[in-house]
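Report on the structure given below.
In our numbering, the protein residues as written are 1 to 289.
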């Protein structure tokens, strides 16, 4: 961790909500990934399309809350829209691993009960966030991976697709361009490629309950069944009515080592820090220690 340089922080982002017991107005926040996207990397057409999808995801999630729906259902609604969009590193449009396939991760957590569900390394479930929710609601487990998770998803009647469904021309081009770098051993997986963002959402409903969820395709050109922070409760996702809700996006290895999501919650619970103080402490003290 001592060699963590400042460049890494351009790939880190946290989207958090703190429950206010006196405030019964619903709130939802969403994100489409971390990283710096230079103006020249994004056309005006793509920028407008991305903003439109983000707005649709935000509005759709909020509509659930506005009707009195749960925070859990609201974030599910928003994340499904982002998974179905080709502009993010989740679902349709997810990055490809070293072998040119897609391996998807997702997690979800209910802050009112601390129940959680996650899936990792799945390749045929259209909407991984639905699989994560099904694990939480309909299994005794928290995290299922690979073929086992897909067998479970099929038993839950979730929509299955061929792995090629997740491929877009932009992702295929980016993957092809990044292969020579990997063959030469230059940089880490995903280095020097266009940015495609993990997605997530956090919401508080009218009952004051909070929920958080995250969905991703991981790192471009990842090898050996690599799994990042997104499906790991306490690393990439966490929700607790007594503290906050968190969905992370960035370089997962760093989030995993520190347990960033739970660390922020614990700083609030046991060190009496505000949400802002807990985030600043975790990012600037724990991640650089």
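For every residue, glycine included, the Cβ atom is placed at its ideal position computed from N, Cα and C. The structure presented is a predicted model; accordingly, all values stated were derived computationally and were not measured.
Nearest to residue i by alpha carbon, out of the options?
i           : options            : result
residue 109 : 284, 247, 257      : 247
residue 92  : 215, 145, 117      : 215
residue 241 : 47, 251, 266, 257  : 266
residue 272 : 284, 249, 244      : 244
residue 197 : 152, 88, 136, 56   : 88
residue 130 : 105, 285, 222, 173 : 105
residue 114 : 211, 61, 201       : 211
residue 173 : 260, 220, 285      : 220
residue 84  : 32, 68, 269, 145   : 32
residue 249 : 236, 208, 222      : 236
What does a CB cutoff of less than 8 Å around residue i pick up in its chain, not counting 5 residues either side in sequence?
i           : result
residue 102 : 94, 95, 96, 123, 163, 166, 167, 217
residue 64  : 70, 73, 74, 77
residue 154 : 160
Measure the C-alpha to C-alpha separation of residue i and residue j and round it to an integer number of angstroms.
i           : j           : result
residue 204 : residue 143 : 24 Å
residue 98  : residue 169 : 17 Å
residue 58  : residue 287 : 30 Å
residue 283 : residue 264 : 9 Å
residue 277 : residue 47  : 33 Å
residue 135 : residue 206 : 25 Å
residue 127 : residue 118 : 12 Å
residue 213 : residue 179 : 31 Å
residue 208 : residue 175 : 43 Å
residue 26  : residue 258 : 30 Å
residue 139 : residue 280 : 36 Å
residue 8   : residue 270 : Bear in mind that a pLDDT of 33 at residue 8, under 50, signals an unreliable position, so the number given afterwards is only what the model happens to contain. Rounded to the nearest angstrom, the two C-alpha atoms are 28 Å apart.
residue 157 : residue 125 : 10 Å
residue 171 : residue 86  : 9 Å
residue 201 : residue 262 : 16 Å
residue 186 : residue 28  : Unreliable placement is indicated for residue 186, whose pLDDT of 43 sits below 50; the coordinate value is still reported in the next sentence. For residue 186 and residue 28, the distance between alpha carbons rounds to 39 Å.
residue 66  : residue 260 : 30 Å
residue 251 : residue 222 : 12 Å
residue 42  : residue 137 : 39 Å
residue 268 : residue 254 : 21 Å
residue 177 : residue 49  : 24 Å
Does residue i come within less than 7 Å of chain B when only Cβ atoms are used?
i           : result
residue 109 : Within the model displayed, chain B is absent; a lone protein chain is all it includes.
Assuming residue i contacts residue j (C-beta within less than 8 Å), just tell me the rounded distance between them.
i           : j           : result
residue 30  : residue 54  : 7 Å
residue 116 : residue 233 : 5 Å
residue 100 : residue 227 : Actually they are not in contact, since the Cβ atoms of residue 100 and residue 227 sit about 18 Å apart, beyond 8 Å.
residue 111 : residue 239 : 3 Å
residue 274 : residue 107 : Contact doesn't hold; Cβ gap of about 25 Å is too wide.
Under a Cβ-count criterion, where at least 16 other Cβ atoms within 10 Å of its own Cβ denotes burial, should residue i be classed as buried or exposed?
i           : result
residue 224 : exposed
residue 151 : exposed
residue 51  : exposed
residue 45  : exposed
residue 24  : exposed
residue 285 : exposed
residue 68  : exposed
Only counting the same chain, and skipping five residues up and downstream in sequence, which positions put a Cβ closer than 7 Å to that of residue i?
i           : result
residue 56  : 81
residue 141 : 135
residue 90  : 82, 83, 198, 199, 215, 216, 217
residue 148 : none
residue 133 : 76, 108, 117
I'd like the list of long-range same chain contacts for residue i, defined as Cβ closer than 6 Å, with 5 residues on each side in sequence excluded.
i           : result
residue 145 : 120, 121
Compute the minimum distance between the beta carbon of residue i and the heavy atoms of the ligand NAP, and state whether it is under 6 Å.
i           : result
residue 246 : What this structure holds is no ligand at all, so the ligand NAP is not there to describe.
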